[in-house]
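Have a look at the structure below before the remarks.
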Amino acid sequence: VPTITTICNFASKKFIANITPTMISYELLDGEVSLVKFLNQLTMDIGTNSNLVKGTANLHLNENSFLYTALSYVSSSLCFKDWTANYHVEMIDMAARKMNVQVHVTKDNLELLNVDVNTVQVPTITTICNFPSMKFIAKISPTMISYELLDGEISIVKYINQFTMEVATNSYLVKGTTNLSLNENSYLFKVLSYASSSLCFKEWTTNYHLEVIDKAAWKVNVQAHVLCVD
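Below is the structure:
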């Protein structure tokens with residue numbers, strides 16, 4: 007198995023790097039104490055019309071490492087001892103652009119990011135980002151876009167756009183419904199309240215119909231209906 011191992015010794019530090027076809031690792035030691043260690047273990051499967059790369063990447067920081075100290079100086083929320091990413095990047099059919107991508111990232115056992123992209127059947131993209139006290143969820147499909155910010159189990163801001171599209175040579179149609187929901191404790195609601203109470207709302211809904219009947223003749227049909235609930 008092809009391997010490359012590099013060891014560099016400094017006055018009080020040691021740097022070790024190992025590379026194989028399925029693994030890459032770097033480690034900085036102070037004596038016998040590991041200050042920084044990065045490990046990426048992966049497998050690859052390359053075909054004529056498909057390929058797959060999957061594995062796990064891990065970064066470990068000691069509290070006495072320079073990088074940990076630098077992150078602490080910027081913000082304590084950036085600090086971590088273990089950062090792990092599991093990834094699965096698969097091109098099932100390159101000609102048909104069918105893919106399956108999954109990425110899951112954790113920081114000290116806290117889920118930071120979860121991304122799922124699948125175009126095998128109905129193309130969908132789902133992204134989940136976790137913060138110390140908030141969670142952001144985004145979903146995208148050919149007929150829907152939604153974003154939601156949650157504080158625990160409480161929805162703070164939620165936006166959803168459901169639509170259909172019909173595209174022809176000389177005409178096209180886009181129609182659907184968008185909705186924006188605001189919790190009274192959301193930052194956006196408070197900003198609107200500060201500007202003017204008349205700007206505040208909890209539900210904003212828009213039904214729209216955008217149709218170009220004949221592009222050459224400039225014939226269009228546009229309809230929009232907006233409903234605001236305080």
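Take any residue in the sequence shown, count from 1 to its spot, add 6: that is its number in my numbering.
Beta carbons are placed, not taken as given, at the ideal position from N, Cα and C, and that holds for glycine.
Item, Value
"Quick check on Met97: buried or exposed, where buried means 16 or more other Cβ atoms within 10 Å of its Cβ?", "buried"
"May I have the straight-line CA-CA distance separating Ile151 from Val111, to the nearest angstrom?", "23 Å"
"Taking its Cβ as the centre, do 16 or more other Cβ atoms sit within 10 Å of Ile162, making it buried, or is it exposed?", "buried"
"Just verifying my parser: in three-state terms, what is the DSSP assignment at Val121?", "strand"
"In whole angstroms, what is the alpha-carbon distance linking His215 and Asn189?", "28 Å"
"How many Å lie between Ala174 and Thr125 at the Cα?", "23 Å"
"Give the straight-line distance between the Cα atoms of Leu41 and Ala63, rounded to the nearest whole angstrom.", "17 Å"
"Taking DSSP's pairing of strands, which residues face Ile134 in a bridge?", "Asn120 and Ile143"
"Report the residue from Met100, Thr183 and Pro148 whose alpha carbon sits nearest the alpha carbon of Tyr165.", "Thr183"
"Reducing DSSP to helix, strand and coil, say where Lys221 ends up.", "coil"
"Does DSSP classify Lys19 as helix, strand or coil?", "coil"
"Roughly how many angstroms lie between the CA atoms of Asn106 and Pro129, to the nearest whole one?", "10 Å"
"Between the region 10-23 and the region 48-57, are three or more C-beta pairs nearer than 8 Å?", "no"
"Buried or exposed for Lys221, going by 16 or more other Cβ atoms inside 10 Å?", "exposed"
"Which one of Val197, Tyr93 and Ala76 has the shortest CA to CA distance from Asp122?", "Tyr93"
"Threshold first: 4 residues or longer. Then list the alpha helix (DSSP H) segments lying entirely within the region 166-218, N to C.", "193-201"
"With a threshold of 7 Å on Cβ separation, who are the neighbours of Gly61 within its own chain once the five nearest residues in sequence on each side are excluded?", "Asn46, Gln47, Leu48, Thr49 and Tyr93"
"Just to confirm, is the Cβ distance from Thr28 to Pro8 under 8 Å?", "no"
"Please classify Lys196 as buried or exposed, where buried requires at least 16 neighbouring CB atoms within 10 angstroms.", "exposed"
"Return the chain-ordered ranges of every alpha helix (DSSP H) run that is complete within the region 24-94 and spans a minimum of 4 residues.", "72-80"
"Leaving aside the five residues before and after Val95 along the sequence, list all residues of the same chain whose C-beta is less than 6 Å from its C-beta, in chain order.", "Val59 and Val107"
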